[in-house]
Every structure is written in structure tokens, then in C-alpha cells.
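> Residue numbers for the sequence shown, in UniProt numbering: 59 to 408. Here a beta-carbon is modelled for each residue, glycine too, at the ideal position from N, C-alpha and C. All values reported here derive from a predicted model rather than from experimental measurement.
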Amino acid sequence: EGVDRRNVLLGLGGLYGAANLAPLATAAPIPAPDLKSCSRATITNAPYPSPAHAVDEEYIAKYNLATSRMRELDKDPKDPRGFKQQANVHCAYCNGAYKIDGKELQVHESWLFFPFHRWYLYFYERILGSLIDDPTFALPYWNWDNPKGMRLPPMFDVPGSSIYDARRNPHVRCGTIIDLGSYGNETKTTELQTMTNNLTHMYRQMITNAPCPLLFFGKPYRLGTAPKPGAGTIENIPHTPVHIWTGTVLGSKLENGDTSFGENMGNFYSAGLDPVFYCHHGNVDRMWNEWKQIGGKRRDLTDKDWLNSEFFFYDENRNPWRVRVRDCLDSKKMGYDYAPMPTPWRNYKP
Ligand code: C2O
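(1) In its own chain, which residues sit with a C-beta less than 6 angstroms from the C-beta of S310, not counting the 5 before and 5 after it?
(2) Do you know offhand how far P408's Cα is from M264's?
(3) Among M399, P378, A289, whose alpha-carbon lies nearest the alpha-carbon of S168?
(4) Return the CA-CA distance between I158 and L281, expressed in angstroms with no decimal places.
(5) Any contact between the stretch 187-199 and the stretch 160-178? By contact I mean 3 or more CB pairs, one from each, below 8 angstroms.
(6) Report yes if the C-beta distance between R356 and W346 is below 7 angstroms; otherwise report no.
(7) To the nearest angstrom, how far is the alpha carbon of E321 from that of N227?
(8) Distance check for F326 and K94, CA to CA, integer angstroms please.
(9) Suppose you measure from the CA of L273 to the CA of N267; what does that come to, to the nearest Å?
(10) Alpha carbon to alpha carbon, how far is H297 from T254?
(11) Please state whether the Cβ-Cβ distance between H166 and C152 is less than 7 angstroms.
(12) Mark P398 as exposed unless 16 or more other C-beta atoms lie within 10 angstroms of its C-beta, in which case mark it buried.
(13) Looking at the structure shown, is Y182 part of a helix, part of a strand, or coil, going by DSSP?
(14) Output yes or no for whether 7 angstroms exceeds the beta carbon distance between R129 and F141.
(15) Rounded to whole angstroms, what's the CA-CA distance from A83 to A284? Just pull it up for me.
(16) Assign K246 to one of three DSSP states: helix, strand, or coil.
(17) Thinking just about the alpha-carbon of each residue, which of E244, N294, N256 is nearest to the one in P205?
(18) What separation, rounded to the nearest whole angstrom, lies between the Cα atoms of N314 and D223?
(19) Relative to the alpha-carbon of I292, which residue among T306, F275, Y279 has its alpha-carbon at the smallest distance?
(20) Using a Cβ-Cβ cut-off of 6 angstroms (strictly less than) and excluding sequence neighbours within five positions of C270, which residues of its own chain qualify?
(21) So which of R382, M392, E374 has the shortest CA-CA distance to D137?
(22) Determine the burial state of N201: buried for a count of at least 16 other Cβ atoms within 10 Å of its Cβ, exposed for fewer.
(23) Mark A99 as exposed unless 16 or more other C-beta atoms lie within 10 angstroms of its C-beta, in which case mark it buried.
(24) Between the alpha carbons of N341 and D203, how many angstroms are there, rounded?
(25) With a threshold of 16 other CB atoms inside 10 Å of the CB of V300, please say whether the residue is buried or exposed.
(26) Find out if the Cβ-Cβ distance for the pair P107, Y406 is shorter than 7 angstroms.
(27) For E162, name the three-state secondary structure that DSSP assigns.
What follows is the structure, encoded as C-alpha cells:
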């Protein structure tokens, strides 16, 4: 309701460029949207996310079952655990549904990007797990940083299954290799060259261009800051290119005759409607852990306004929680850790 469909990922840099100049009016953390009866989250389960290309049939069946049960919950539009409701949570934090101090609350293109999506996945995963009575259920991660993961994970490409989405670029099918650096332009090159370029992009965004926290996480965003002060390295590339690559081509026709604004993955308002969104963000989240292991000054921010910023989510029992950035810095303390995977980009210094 009231969604601005023109808020296409592709156009944001240009549209909001001027906002970078806005001075900080106040120094304060971003508060959670004002909602009653929130409490703090406690951590219990221990999921162990695996790379999407490596999971087995049994896991895929479980994941599909959990997602189809989540889709069934859409019958009650008031159930916050429903598939569409969950997609709307993302939409609400990026299309101006929440207002803070008269301004749109926006979790993209600032230092809130990593912590918001971590908490979002955390609750999404708990809901899926509870729908199949498996508290250890873990979302897979789409490890596009490894040549084995540089295409749409095949489990998402089964028409009719609950983790399929018809609103994708037909190009992403048939194992096409993704170009992690592209905002929509296609370059003619061999698959091998694209994979090599991708590893170089990863090296740049994780190592060369992100030697210190603000460059990695994104620009400060406090109470009073204009939305979208500036994205961190990984949010820019490859996070946004993966969205654009997966969604329908801008300006093409959707199945209902509408003109495409990149749906579903290529637009904030609809991205959560493609189940692969959560798998994509699993890997974005994993990059946060990987980055801290590289060393040097690669640590979490210590600014209080970042640490004390808050979000609001519903859990698997429909209870609301108010959570803080400071409580999501260590994924192990949140109860999960990523199955190890080689990171060949570490050797791809351009
Ligand atoms: Cu909230 Cu990948 O976007």
C-alpha cells in the first residue's frame, strides 16, 4: 500500500546523490519504529548454514516444505509470519512506510545495511524452522564469491516449487554465469573470464576498498541524517548487481501486462517475494564474518549511534521484538556460524 515502485535499485545512486551533502542534524541512534510491547531477543537455536550448491535432496525438500507452509500463512493477512508479510517487512524498511522524525526510515545505503539484514534473516529463519518443527533449520547461502556458486543455485530453478519465482530474468536460467560487477549492462566475454573478473571484484570490495569499518559498512546514518548517506563496498558490489541480475529486465512486460520495475529481486519493494533473496543475503551476511577475519582495522564499528540503533521484528510465535545492532555483531552468539567454504578471491589481487 502506498509503495513507490520507482524506487528501483538501479537508479538510487543518482537520485539520492545530493543527500550526501546534508549535515547531521542530531547525533543519536535510529530508534525502532514505535510499537507497543516489545522485548529483547534471546538466542537459543544453533543453525549451520551451508552453501546453496552443496545441500542435499533432503535439505531441499525441507526448505521447500517450510516455505510452502509460510506461503499458506498468507491466507490470514494478519499473521506476521506469512510469506508476503515477511516480504513486506523488508519493504517497510526501505520504501518510506516507517517515518522517523518526519523522515523516511531507510536501511539501505548506510551503515544499517548489514545489521538490519542480519536480524531480518535471523527471524525469517526461525519462522521457517518452527513451521517444520526443526529449530536447527538454517537458510542456505548463495556463495557467489566462489566460482561454484556464480549462477542461480539450481534448487531455486524448479518451476512450481515453493522456492521458485516466475519474476526473474529468463537469462538467469540454464546456469548462466553472473557478472558480479554489472548494474545491468552486458559485456561479451567468456564464462571463465567472467568468473575471474568476479574474483577480482571480491578482492577489491573485501580487501583493497574496505580497509576500515566505515568503508565496509557504509556511511553514518543517525537520527536526523537524510536517508541513504552512502553504501559500503559489498552493498554496492556485488549485492546490488545480484539483485538486478536476478529480477526481470527493467521496462520488460510482467506476466500481468505491467511494465517491469525490476520485480521481484531488482526492486526493494518486491525483493523479499523471491525466496532466493534470503539465500543471497545469507552470503552478504557471511561476507561480514569473512571481512572481520581478514585482519588489519577490519572490525565492527564502535560508534554508539550504530550500536544502539534498533529494529523491530516478529518471531515464530508472532511476538514482537525490539532488537539492537549491538546484539548482532557476533553470529556465533546469535546461535549460528557458516559452514566453511574456500574464499579463492583472497588470491585475486588485481
Ligand atoms: Cu534489503 Cu538486498 O536488500
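The structure says:
(1) Against the sequence shown, residue 310 aligns to sequence position 252. S318, listed in sequence order.
(2) Start at 1 with the first residue of the sequence shown, and residue 408 comes out as number 350. Start at 1 with the first residue of the sequence shown, and residue 264 comes out as number 206. When the Cα atoms are used, P408 and M264 turn out to be separated by approximately 13 angstroms.
(3) On the sequence shown, position 110 is the one that residue 168 refers to. When only C-alpha atoms are compared, the closest one is A289.
(4) Residue numbering aside, residue 158 sits at position 100 when the sequence shown is read from its first letter. Residue numbering aside, residue 281 sits at position 223 when the sequence shown is read from its first letter. Straight-line spacing of the CA atoms in I158 and L281 works out to 8 angstroms.
(5) no
(6) If you number the sequence shown from 1, residue 356 lands on position 298. If you number the sequence shown from 1, residue 346 lands on position 288. No, they are not a contact pair.
(7) The residue you call residue 321 lines up with position 263 of the sequence shown. The residue you call residue 227 lines up with position 169 of the sequence shown. Computed Cα separation, rounded: 9 angstroms.
(8) Numbered from 1 along the sequence shown, position 36 holds the residue referred to as residue 94. Numbered from 1 along the sequence shown, position 268 holds the residue referred to as residue 326. With a pLDDT of 39 at K94, under the threshold of 50, the modelled position of this residue cannot be trusted; read the value that follows with caution. Between K94 and F326, the C-alpha separation is close to 26 angstroms.
(9) Mapped onto the sequence shown, residue 273 falls at position 215. Mapped onto the sequence shown, residue 267 falls at position 209. When rounded, the distance between both Cα atoms is 7 angstroms.
(10) Working through the sequence shown from its first residue, we reach residue 297 at position 239. Working through the sequence shown from its first residue, we reach residue 254 at position 196. Approximately 18 angstroms between the Cα atoms of the pair.
(11) Along the sequence shown, one-based indexing puts residue 166 at 108. Along the sequence shown, one-based indexing puts residue 152 at 94. Going by C-beta atoms, H166 is nearer than 7 angstroms to C152.
(12) The sequence position of residue 398 within the sequence shown is 340, counting from 1. By the neighbour-count rule (16 or more Cβ atoms within 10 Å), P398 is not buried but exposed.
(13) Indexing the sequence shown from 1 puts residue 182 at position 124. Correct three-state label for Y182: helix.
(14) Position 71 of the sequence shown, counted from the first residue, corresponds to residue 129. Position 83 of the sequence shown, counted from the first residue, corresponds to residue 141. A contact, by the Cβ cut-off of 7 angstroms.
(15) For this step, residue 83 is matched to residue 25 along the sequence shown. For this step, residue 284 is matched to residue 226 along the sequence shown. Below a pLDDT of 50, predicted positions are generally treated as unreliable, and A83, at 30, falls in that range; no measurement from the model is reported.
(16) If you number the sequence shown from 1, residue 246 lands on position 188. Reduced to three states, the DSSP call for K246 is coil.
(17) Taking the sequence shown and counting its residues from 1, one reaches residue 205 at position 147. Nearest C-alpha to P205: N256.
(18) Locating residue 314 in the sequence shown gives position 256, counting from the first residue. Locating residue 223 in the sequence shown gives position 165, counting from the first residue. If I take the Cα positions, the gap works out to 14 angstroms.
(19) Here residue 292 is taken as the residue at index 234 of the sequence shown, counted from 1. Measuring from the Cα of I292, the nearest candidate turns out to be F275.
(20) Position 212 of the sequence shown, counted from the start, is the residue given in the question as residue 270. The residues are K355.
(21) Counting from 1 along the sequence shown, the entry for residue 137 is found at position 79. D137 has its Cα closest to that of E374, out of R382, M392, E374.
(22) By 1-based counting over the sequence shown, the position of residue 201 is 143. By the 10 Å Cβ count, N201 comes out buried.
(23) Within the sequence shown, numbered from 1, the residue matching residue 99 stands at position 41. Note on A99: pLDDT 36, under 50, position unreliable in the model; no value is reported.
(24) By one-based count along the sequence shown, residue 341 stands at place 283. By one-based count along the sequence shown, residue 203 stands at place 145. Approximately 8 angstroms between the Cα atoms of the pair.
(25) Counting from one through the sequence shown, the residue named residue 300 turns up at place 242. By the neighbour-count rule (16 or more Cβ atoms within 10 Å), V300 is buried.
(26) For the purposes of this step, residue 107 is taken as residue 49 along the sequence shown, with counting starting at 1. For the purposes of this step, residue 406 is taken as residue 348 along the sequence shown, with counting starting at 1. No, the Cβ-Cβ distance between P107 and Y406 is not below 7 angstroms.
(27) To locate residue 162, count along the sequence shown from 1; it is residue 104. Residue state, collapsed to three classes: strand.
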